[in-house]
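Student: This is the structure, below, for whatever I ask next.
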Amino acid sequence: MLKFYHAPWSRSSSVLWLLEELGVDYDLVEIDIRQEGGVPEDYRRIQPSKKVPAIDHDGTIITERAAITIYLADRFAQAGLAPAIDDPIRGPYLTMLVYCDAVFDPSLSAQIQGWTYQSNHFAFGLAEDMINYVDRVLTERPFAAGDRFTAADTQLASAIAYTMDMMKALPERPSFRAYLDRVKDRPAYLSAAAKDQKMAMATPFFQKQFGDSSTTGDDD
Ligand SMILES: N[C@@H](CCC(=O)N[C@@H](CS)C(=O)NCC(=O)O)C(=O)O
Numbered sequence: 023m024l025k026f027y028h029a030p031w032s033r034s035s036s037v038l039w040l041l042e043e044l045g046v047d048y049d050l051v052e053i054d055i056r057q058e059g060g061v062p063e064d065y066r067r068i069q070p071s072k073k074v075p076a077i078d079h080d081g082t083i084i085t086e087r088a089a090i091t092i093y094l095a096d097r098f099a100q101a102g103l104a105p106a107i108d109d110p111i112r113g114p115y116l117t118m119l120v121y122c123d124a125v126f127d128p129s130l131s132a133q134i135q136g137w138t139y140q141s142n143h144f145a146f147g148l149a150e151d152m153i154n155y156v157d158r159v160l161t162e163r164p165f166a167a168g169d170r171f172t173a174a175d176t177q178l179a180s181a182i183a184y185t186m187d188m189m190k191a192l193p194e195r196p197s198f199r200a201y202l203d204r205v206k207d208r209p210a211y212l213s214a215a216a217k218d219q220k221m222a223m224a225t226p227f228f229q230k231q232f233g234d235s236s237t238t239g240d241d242d
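Going by the numbering used here, the first residue of the sequence shown is number 23, and it counts up by one from there.
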């Protein structure tokens, strides 16, 4: 049995997309990370920092989004989203997949927080270097690892879509836009997005957010 611990519109949304791509059965356990008072303490036995995503596959718990993505793509290899060990794109695949959480996410978060530092102060380096590197990668090849869609794209495209389109933190670059255009009509992407939206709109946090804004709109 595969249990997936998830919160809509969060970093675990890339894993939801991956699960849809893989076409496997899973039980979704929703963790309301935005609830008042925080995530209940008993979730810590699944994820040590009480974060999503996490999975429990036949009793084995796996945490950390990159590890979960590698695990699922390899374990359900019939979907063809994990380049084989001897595939020439296995190296770029692992690099980009891990890069998303080890460099993209923390360096951009540091920039959003307004941190001032030098590249050698932190393992993830500078956001500016990350942005130029991802731009170069996506100018040189159509997908994260090479010429075909892999599980690394569920990570990279989710990261770009969220930070460029929703947060407006990642600068718009033609390579980023063209890349999102290449993945946005995938049936698994669309079905994951629809599931996520439905779940998000059923959470008190987003109901309050969107409810409040529509009330404001009525008053105008
Ligand atoms: N290192 C974790 C980070 C996951 C993470 O940051 N998850 C966020 C969702 S966007 C979370 O659960 N936040 C809830 C909290 O910090 O209380 C991973 O890669 O899986």
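Beta carbons are placed, not taken as given, at the ideal position from N, Cα and C, and that holds for glycine.
Could you spell out the range, first to last residue, of the alpha helix (DSSP H) harbouring residue 101?
Tutor: Along the sequence shown, one-based indexing puts residue 101 at 79. Run containing residue 101: none; DSSP gives neither H nor E here.
Student: Ligand 1 and residue 56: does the residue's C-beta get closer than 6 Å to at least one heavy atom of that ligand?
Tutor: Walking along the sequence shown from the start, residue 56 turns up at place 34. Outside the cutoff, so no.
Student: Which runs of the beta strand (DSSP E) spanning at least 3 residues fall entirely within the stretch 143-176, listed in chain order?
Tutor: none
Student: Relative to the C-alpha of residue 74, which candidate in 81, 143, 96, 50 has its C-alpha closest?
Tutor: As a first step, residue 74 must be located in the sequence shown, where it is residue number 52. Measuring from the Cα of residue 74, the nearest candidate turns out to be 50.
Student: My assumption, with CB atoms under 8 Å, is that residue 183 sits in contact with residue 174. Please give the rounded CB distance.
Tutor: For the purposes of this step, residue 183 is identified with residue 161 of the sequence shown, where counting begins at 1. For the purposes of this step, residue 174 is identified with residue 152 of the sequence shown, where counting begins at 1. Not a contact, Cβ separation roughly 15 Å.
Student: Is it a yes or a no for the stretch 207-220 touching the stretch 29-46, going by three-plus beta-carbon pairs under 8 Å?
Tutor: yes
Student: How many whole angstroms separate the CB atoms of residue 95 and residue 89, which I take to be in contact at a CB cut-off of 8 Å?
Tutor: As a working note, residue 95 is residue 73 in the sequence shown. As a working note, residue 89 is residue 67 in the sequence shown. Contact annotation, residue 95 with residue 89: C-beta distance approximately 11 Å; criterion of less than 8 Å not satisfied.
Student: Leaving out five residues before and five after residue 191 in sequence, what residues of the same chain have Cβ atoms less than 8 Å from its Cβ?
Tutor: In the sequence shown, the residue the question calls residue 191 occupies position 169. Apart from the 5 residues on each side of it in sequence, residue 191 sits with its Cβ closer than 8 Å to the Cβ of 130, 133, 134, 185 in its chain, given in chain order.
Student: Which of the three DSSP states is assigned to residue 27 in this structure?
Tutor: Within the sequence shown, residue 27 is the residue found at index 5, counting from 1. Strand at residue 27.
Student: Spatial neighbours of residue 171 within its chain, please: C-beta separation below 6 Å, excluding the five flanking residues on both sides.
Tutor: Working through the sequence shown from its first residue, we reach residue 171 at position 149. Excluding positions up to five away in sequence, the list reads 165.
Student: Can you round the beta-carbon distance between residue 29 and residue 55 to whole angstroms, since I take them to be within the 8 Å contact cut?
Tutor: The residue you call residue 29 lines up with position 7 of the sequence shown. The residue you call residue 55 lines up with position 33 of the sequence shown. Right, their Cβ atoms sit about 4 Å apart.
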